[in-house]
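The structure appears below as structure tokens.
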Ligand code: HEM
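Numbering (our numbering), first residue to last: 2 to 196.
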């Protein structure tokens, strides 16, 4: 009988990341929706703080030389300054203490964190639409949820192709999966801490 492990071994690296973190994603998705981020400005402000802490944690990865070499165009992708501009639109101070921010221990785990951050832009299409209820958009308050200029799907396909072109060893891939799992766990823990 095919085990879960066998199945994971026959998948492409990007699919492996998706497959290994599916339940982590779905529980984060549920928890975010339970927090009703688009009910009113106060809830949306909490959501922005959460996104800010997450994007602060991944921001250094976008500046890393090795990662930039593996993911051409990476330097143009971080959404930290867009989140900060959204906070500013809502007249919120971007106050975060250093112990709220995650530190990613190595390059291979960093790939998993990047996967989590870049993939979050796919689901953000739904979140972006929801922000319209609060009258936010790409110009005001919801800049960080706006689509990449080349479109969400083409951008995601390009990132997936870059992941699949990495030819990592099995151990390195496992590290990346750990990074992605930790990134989802961090997001969830931060969400709970802000509740
Ligand atoms: C309410 C919140 C969220 C909703 C409704 C949502 C929804 C979605 C949807 C519909 C997809 C596309 C799935 C597919 O095409 O198979 C997706 C993909 C993804 N989302 Fe979310 N998402 C949410 C939050 C997040 C968060 C907070 C993160 C990261 C911290 C995240 C990370 C990802 C990743 C990495 C993918 C790519 C999966 C893959 O194809 O490999 N999502 N999301």
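Backbone N, C-alpha and C define an ideal beta-carbon position, used for all residues, glycine too.
Here the structure is a predicted model, which means the values were calculated and not measured.
- As computed with DSSP, residue 142 is found in a beta bridge with 138.
- Shown here, residue 25 sits in a helix according to DSSP, grouped into three states.
- Relative to the Cα of residue 25, the nearest Cα in the group 113, 104, 128 and 149 belongs to 113.
- Here the C-alpha atom of residue 185 lies approximately 18 Å from the C-alpha atom of residue 79.
- Look at the stretch 62-144 and you find these whole runs of alpha helix (DSSP H), each 4 residues long or longer: 66-71, 81-90 and 108-132.
- Excluding residues up to 5 positions away in sequence, 14 and 15 lie with their Cβ nearer than 6 Å to the Cβ of residue 164 in the same chain.
- For the set 77, 17, 20 and 38, the Cα lying nearest the Cα of residue 192 is the one of 38.
- Between residue 160 and residue 58, the C-beta spacing is not below 9 Å.
- DSSP places residue 168 in the coil class of the three-state scheme, outside both helix and strand.
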